[in-house]
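Asker: Below is a structure I'd like to ask you about.
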Amino acid sequence: MELIRIPRIMQDTSRGHLLHGRGIGFVPTMGALHEGHLSLVRRAKEENDITMVSIFVNPLQFGPSEDFNKYPKDTDGDADKLRKAEIDVLFMPDASSLYPAGFSTHVEIEKLSEKLCGAFRPGHFRGVATIVTKLFNIVAPTRAYFGQKDYQQAVIIKKMVKDLDMGIDIVVCPTIREHDGLAMSSRNAYLNEEERKAATVINKCLVQTTELIKSGIIDIGSIRRFMKEKLSEKPLVTEIQYASVYDPETLDELERVEKEALLAVALKIGGTRLIDNMLVKV
Ligand code: PAF
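Residues in the sequence shown are numbered from 6 upward in steps of one, following the working numbering.
Take a look at the structure:
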């Protein structure tokens, strides 16, 4: 595994591979790698000649009161995991090389960025789209891999790639879950034992709501009420930001579930914000 820190060297390395006709599979991450990230890496390895992973905690996608300064870091552990996974290149740039003084260009995906998480994290998806564009320009991947857990992020990146003719295949891979159903996330590390137990209510809520819809309850009022009641069973859930059914492409809330729908939840347990989702077909 080659470790590259300088964007220009990363760009030249990628160009060399592309000139030799080798396809590049790319997994962008913010580190603190878990099985969810590694499942993306394995998929990228299966489908491409060369596999590249980036680790960069992107300051632009965190709000002023968010967890940028305490975001979990495990650089040595991450490098070990990626070496064992036999990736080809680990790209780990410094913030100053990606955002030098005077940096002033941003990428904004209108409408989609304002919904769901966007309504509670202003500027978040602008930060994500900007860094992902920069990483795509530097790494020049053939395919890039994202998890379904961050469903809105994946929809926004697909839209950006289409609107800006980036010519990169975006592959969205299934959410990887703990044995009790909690979606894997680097932020799960913030939860204490009690909070970790309470967090299982999210997956339970999504599974039971799927069953409810399949049993024929398809109107938004009943579904929303059911989800909120279920999530509120846990006193440690301090804030439910959203919990409802949405159109999987536009992310608009549905009036009735008639074909495929996205069930999505964002809530806070103590100070930790968790999200999860499930697609349901009727
Ligand atoms: O999903 C993430 O880890 C981040 O949002 C990403 C895509 C690496 C951009 O910083």
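Yeah, the Cβ is synthetic: ideal placement off N, Cα and C, and Gly gets one too. Since this is a predicted model, take the numbers as computed values, not measurements.
Can you tell me the Cα-Cα spacing of Ile60 and Gly226, whole angstroms?
Answerer: 42 angstroms
Asker: Using 8 angstroms for Cβ pairs, my map puts Lys75 next to Gly36. What's the rounded Cβ distance?
Answerer: The Cβ separation is near 13 angstroms, so there is no contact.
Asker: In chain order, which continuous runs of the beta strand (DSSP E) of length 3 or greater are located wholly inside the segment 108-175?
Answerer: Whole beta strand (DSSP E) segments, 3+ residues: 148-152.
Asker: Should Asp3 be labelled buried (16 or more other beta-carbon atoms within 10 Å of its own) or exposed?
Answerer: Only positions 6 to 287 of the chain appear in the structure, and residue 3 is not among them; the question remains open.
Asker: Return yes when at least one heavy atom of ligand 1 lies under 8 angstroms from the C-beta of Ser59, else no.
Answerer: Remark: the shortest separation between the CB of Ser59 and any heavy atom of ligand 1 falls under 8 angstroms.
Asker: Under a three-way DSSP split, which group does Met35 fall into?
Answerer: Three-state DSSP puts Met35 in coil, outside helix and strand.
Asker: Are the segment 120-127 and the segment 148-162 touching, with three or more C-beta to C-beta distances below 8 angstroms?
Answerer: Note that the segment 120-127 touches the segment 148-162; at least 3 beta-carbon pairs, one per stretch, sit closer than 8 angstroms.
Asker: Between Thr135, Ser249, Val133, which has its C-alpha nearest Thr215's C-alpha?
Answerer: Ser249
Asker: Taking any heavy atom of ligand 1 as the mark, which residues have a C-beta closer than 6 angstroms to it, listed down the chain?
Answerer: Ordered along the chain, residues surrounding ligand 1 are Pro33, Thr34, Met35, Asn63, Gln66, Val133, Ile136, Val137, Asp155, Gln158 [Cβ under 6 angstroms from any heavy atom].
Asker: For Arg10, count neighbouring Cβ atoms within 10 angstroms of its own Cβ and tell me buried if that reaches 16, exposed if not.
Answerer: Under a 10 Å Cβ-count criterion, Arg10 is classified as exposed, with fewer than 16 other Cβ atoms of the shown protein chains found around its own Cβ.
Asker: Which of helix, strand or coil does DSSP assign to Arg27?
Answerer: DSSP places Arg27 in coil when its eight states are reduced to three.
Asker: Along the chain, which unbroken stretches of the beta strand (DSSP E) at least 3 residues long are found entirely within the segment 200-267?
Answerer: 242-251, all fully within the segment 200-267.
Asker: Can at least three beta-carbon pairs, one atom from the segment 185-193 and one from the segment 37-45, be found at a separation below 8 angstroms?
Answerer: yes
Asker: Does the segment 195-213 come close enough to the segment 161-176 to have 3 or more Cβ pairs within less than 8 angstroms?
Answerer: no
Asker: Taking contact to mean at least 3 C-beta pairs separated by less than 8 angstroms, is the segment 106-118 in contact with the segment 10-25?
Answerer: no
Asker: By Cβ distance, which residues of its chain are closer than 8 angstroms to Ile161, with the 5 residues on each side in sequence left out?
Answerer: These residues qualify, in order along the chain: Ile114, Leu117, Ser118, Phe130, Val133, Ala134.
Asker: Tell me whether Met232, by its Cβ, gets closer than 8 angstroms to a heavy atom of ligand 2.
Answerer: Looking for ligand 2 in the displayed structure turns up nothing; the ligands present are ligand 1.
Asker: Lys1 by DSSP, collapsed to three states: which one?
Answerer: Nothing can be reported for residue 1: it is not among the residues displayed for the chain, which extend from 6 to 287.
Asker: Could you check the C-alpha separation between Ala149 and Ile92 for me, to the nearest Å?
Answerer: 14 angstroms
Asker: Compute the Euclidean distance between the alpha carbons of Lys233 and Ile143, then round it to the nearest angstrom.
Answerer: Going from the Cα of Lys233 to the Cα of Ile143 covers about 43 angstroms.
Asker: Which residue marks the beginning of the alpha helix (DSSP H) containing Glu71, and which one marks its end?
Answerer: No alpha helix (DSSP H) holds Glu71; DSSP gives it neither H nor E.
Asker: Helix, strand or coil for Leu8? Go by DSSP, reduced to three states.
Answerer: strand
Asker: When you compare each of Gly221, Asn53, Leu284 to Thr180 by their alpha carbons, which one comes out closest?
Answerer: Leu284
Asker: Can you tell me whether Leu211 is buried or exposed? The criterion is at least 16 other CB atoms within 10 Å of its CB, across all chains shown.
Answerer: buried
Asker: Only counting the same chain, and skipping five residues up and downstream in sequence, which positions put a Cβ closer than 6 angstroms to that of Ser102?
Answerer: Pro12
Asker: Should Leu279 be labelled buried (16 or more other beta-carbon atoms within 10 Å of its own) or exposed?
Answerer: The residue in question, Leu279, is buried, as its Cβ has 16 or more Cβ neighbours within 10 Å.
Asker: In whole angstroms, what separates the C-alpha of Leu272 from that of Ala159?
Answerer: 20 angstroms
Asker: If we count the other Cβ atoms within 10 Å of its Cβ and call it buried at 16 or more, is Val287 buried or exposed?
Answerer: Exposed, since its Cβ has fewer than 16 Cβ neighbours within 10 Å.
Asker: Below 9 angstroms between beta carbons: does that hold for His111 and Leu65?
Answerer: Their beta carbons are under 9 angstroms apart, which means His111 touches Leu65 by this criterion.
Asker: The beta strand (DSSP E) with Ser59 in it runs from where to where?
Answerer: 55-60
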